[in-house]
Amino acid sequence: MSRIVSVRTILVRQALARPMAGPFGQLAARHNLIVVIETDRGSRGLGEVWANFPPWGCGERKDIVEQCLIPLLIGQTLDDPRRLYNLMMERTRLLALQWGAPGPVHQAVAGVDIALWDAHARDLSVPLRHLLAGRPVPDRVPAYASGIGPDDTVERIEANRAAGHTRFKIRIPFGIEVARRMLREARTACGEAPLMADANQALTESEAETLLPDLAAARLQWLEEPFPVDEVGAYARLAARCPAPLAWGENARGVDGLQACIDSAAGVIQPDITKTLGISEGMVVGQRVLAAGKRLCFHMYGGPLGLIASAQLSAALGADWLETDGNPNPLYERVVSAPPRIEDGCLVLEDAPGLGVTLAADLH
Numbered sequence: 013m014s015r016i017v018s019v020r021t022i023l024v025r026q027a028l029a030r031p032m033a034g035p036f037g038q039l040a041a042r043h044n045l046i047v048v049i050e051t052d053r054g055s056r057g058l059g060e061v062w063a064n065f066p067p068w069g070c071g072e073r074k075d076i077v078e079q080c081l082i083p084l085l086i087g088q089t090l091d092d093p094r095r096l097y098n099l100m101m102e103r104t105r106l107l108a109l110q111w112g113a114p115g116p117v118h119q120a121v122a123g124v125d126i127a128l129w130d131a132h133a134r135d136l137s138v139p140l141r142h143l144l145a146g147r148p149v150p151d152r153v154p155a156y157a158s159g160i161g162p163d164d165t166v167e168r169i170e171a172n173r174a175a176g177h178t179r180f181k182i183r184i185p186f187g188i189e190v191a192r193r194m195l196r197e198a199r200t201a202c203g204e205a206p207l208m209a210d211a212n213q214a215l216t217e218s219e220a221e222t223l224l225p226d227l228a229a230a231r232l233q234w235l236e237e238p239f240p241v242d243e244v245g246a247y248a249r250l251a252a253r254c255p256a257p258l259a260w261g262e263n264a265r266g267v268d269g270l271q272a273c274i275d276s277a278a279g280v281i282q283p284d285i286t287k288t289l290g291i292s293e294g295m296v297v298g299q300r301v302l303a304a305g306k307r308l309c310f311h312m313y314g315g316p317l318g319l320i321a322s323a324q325l326s327a328a329l330g331a332d333w334l335e336t337d338g339n340p341n342p343l344y345e346r347v348v349s350a351p352p353r354i355e356d357g358c359l360v361l362e363d364a365p366g367l368g369v370t371l372a373a374d375l376h
């Protein structure tokens, strides 16, 4: 088995030509926190730590990796990434509790875990999806274009369709009248194609009640995070009346947090392996979702490494639709040598070891 000889981080910031509006403020740039692990056998593993928002959160996650996790990993045998994931979680547990920051700590561990799995699969000269599944699995993962906003709903749907997408998700946290307009426009632009809507936790129960006829007319595959994720009772009440299944999970933390989502009234569960879980616990949660008979649709709204890692895990588990960024994302061109590719509604994975991707030349 190989030993870990180097771990480093790369923080990329790419300005957006057009700032993105959201319920928590505007994004003027996309950030990407990359983890690079190298072994004494010459393998290089790549991972992504969730650092999409807020922009000032990137530095603390970078420091967690560099000050807490790198000293722990250097010299370790890369025999089983799950062992190292558990080691990182155990050694950072008291820090997370004392600091009151279990989320950022878990995000740092999750991103490093992805890099460990990539390096391990590269050591074994096997695509990560085959290693995780224990057998060869398909190289295509059904995907959808996400994050379509209020000002150019129709144009973004048409652009994503031209890029190979066949499924679309709009964001509707901008007020009732804007949501109604977007639902009408999106359904018309989509025709009979699958359509989803994400409220980004921004609705009240009365607003959701008002929108029920519009949601029914839009024929949604799911309504995502209508309420703050800690308002569990509101989800249960809406699920009994909503014409579309409810979806959540991206903002849950850890296996226990995702288990609460699985046990809820939601029909679609959306773990984000760069925010929590990594690959190691992402496998566990994914298997639980499928065993419960619910739709497993991994959340991913960041950079290309997190997207490809989520696609590899989706392929290994036979998961349902994978989220991809439906807006111009400069990280896709900036971070990796070849951007993710969509064909006939599917993200296409390379038949190469590990994640199957390499960093852009100037990031090596």
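Residue numbers (my numbering): 13 to 376. For glycine and all other residues, C-beta sits at the position ideal for the given N, C-alpha and C.
Terminal residues of the beta strand (DSSP E) in which residue i lies
{"i": "I320", "result": "Here I320 belongs to no beta strand (DSSP E); instead the alpha helix (DSSP H) covers P316 to L329."}
{"i": "V12", "result": "Residue 12 falls outside the range modelled here, since the chain spans only 13 to 376, and no answer is possible."}
{"i": "K181", "result": "F180 to R183"}
One or two residues paired with residue i in a DSSP bridge
{"i": "V360", "result": "R152 and R353"}
{"i": "R56", "result": "E50"}
{"i": "E236", "result": "D210 and A259"}
{"i": "R42", "result": "Q26"}
{"i": "G366", "result": "P139"}
{"i": "I160", "result": "I182"}
{"i": "R307", "result": "V280"}
{"i": "T89", "result": "R15"}
{"i": "V348", "result": "L371"}
{"i": "V61", "result": "L45"}
Cβ distance (whole Å) where residue i is taken to contact residue j below 8 angstroms
{"i": "P283", "j": "G261", "result": "5 angstroms"}
{"i": "L375", "j": "V347", "result": "7 angstroms"}
{"i": "L387", "j": "A155", "result": "Because the chain is modelled from 13 through 376, residue 387 falls outside the range shown and cannot be assessed."}
{"i": "A198", "j": "T165", "result": "6 angstroms"}
{"i": "G159", "j": "R183", "result": "6 angstroms"}
{"i": "Y313", "j": "A278", "result": "At roughly 19 angstroms, the Cβ-Cβ gap does not stay under 8 angstroms, so Y313 and A278 are not in contact."}
{"i": "R15", "j": "Q88", "result": "7 angstroms"}
{"i": "S137", "j": "P365", "result": "5 angstroms"}
{"i": "L319", "j": "T336", "result": "6 angstroms"}
{"i": "A230", "j": "L207", "result": "6 angstroms"}
{"i": "I46", "j": "I22", "result": "4 angstroms"}
{"i": "L107", "j": "C80", "result": "7 angstroms"}
{"i": "A131", "j": "T51", "result": "6 angstroms"}
Endpoints, the alpha helix (DSSP H) within which residue i is located
{"i": "T336", "result": "That residue, T336, is in no alpha helix (DSSP H); its beta strand (DSSP E) goes L334 to D337."}
{"i": "Y97", "result": "P93 to W111"}
{"i": "N172", "result": "T165 to A174"}
{"i": "D226", "result": "E217 to A230"}
{"i": "P83", "result": "I82 to L85"}
{"i": "E189", "result": "I188 to C202"}
{"i": "R249", "result": "V244 to A251"}
{"i": "A272", "result": "G266 to I274"}
{"i": "C70", "result": "C70 to I76"}
Cut-off 7 angstroms between Cβ atoms - residues of its own chain near residue i, not counting five sequence neighbours on either side
{"i": "D363", "result": "P139 and D151"}
{"i": "N341", "result": "R42"}
{"i": "I188", "result": "E219, T222 and L223"}
{"i": "W333", "result": "P154, A155, Y156, R179 and C309"}
{"i": "G322", "result": "For the record, residue 322 in the displayed sequence is Ser; it is not Gly. Correct list, in chain order: I285, F310, M312 and L334."}
{"i": "M194", "result": "P162, T165, I182 and I184"}
{"i": "V297", "result": "V267, L270, P283 and L289"}
{"i": "L39", "result": "L28, P31, M32 and F65"}
{"i": "I76", "result": "P116, V117 and A120"}
{"i": "R173", "result": "none"}
{"i": "A175", "result": "I354"}
{"i": "E345", "result": "P351"}
Residues near residue i by beta carbon distance below 8 angstroms, same chain, minus five either side
{"i": "M295", "result": "L144, L325, A328 and L329"}
{"i": "L84", "result": "L99, M100 and R103"}
{"i": "V149", "result": "R141, H142, A327, A328 and G330"}
{"i": "L343", "result": "V24, Q26, R42, N44, G314, G315 and P316"}
{"i": "R249", "result": "E217"}
{"i": "E72", "result": "A113 and P116"}
Nonlocal neighbours in the same chain, by C-beta distance under 6 angstroms from residue i, ignoring five residues either side
{"i": "A264", "result": "L270 and C273"}
{"i": "A251", "result": "L258 and A277"}
{"i": "E217", "result": "A246"}
{"i": "N339", "result": "G159"}
{"i": "V369", "result": "I320 and V348"}
{"i": "V280", "result": "W234, P257, A259, R307 and C309"}
Any non-hydrogen atom of the ligand PLP within 6 angstroms of residue i CB
{"i": "R192", "result": "In the structure on display, the ligand PLP does not appear, and there are no ligands present to speak of."}
Min CB distance residue i to chain D below 7 angstroms
{"i": "D332", "result": "The structure shown contains no chain D; it holds only a single protein chain."}
Notebook entry, point to check: If you pair each beta-carbon of the region 158-170 with each one of the region 187-205, do three or more pairs fall below 8 angstroms?
Noted result: yes
Next item on the list: Inspect the CB distances between the region 127-134 and the region 47-58 and report whether three or more fall short of 8 angstroms.
Entry: yes
Notebook entry, point to check: How do the region 233-240 and the region 252-260 stand: do at least 3 beta-carbon pairs fall below 8 angstroms, yes or no?
Noted result: yes
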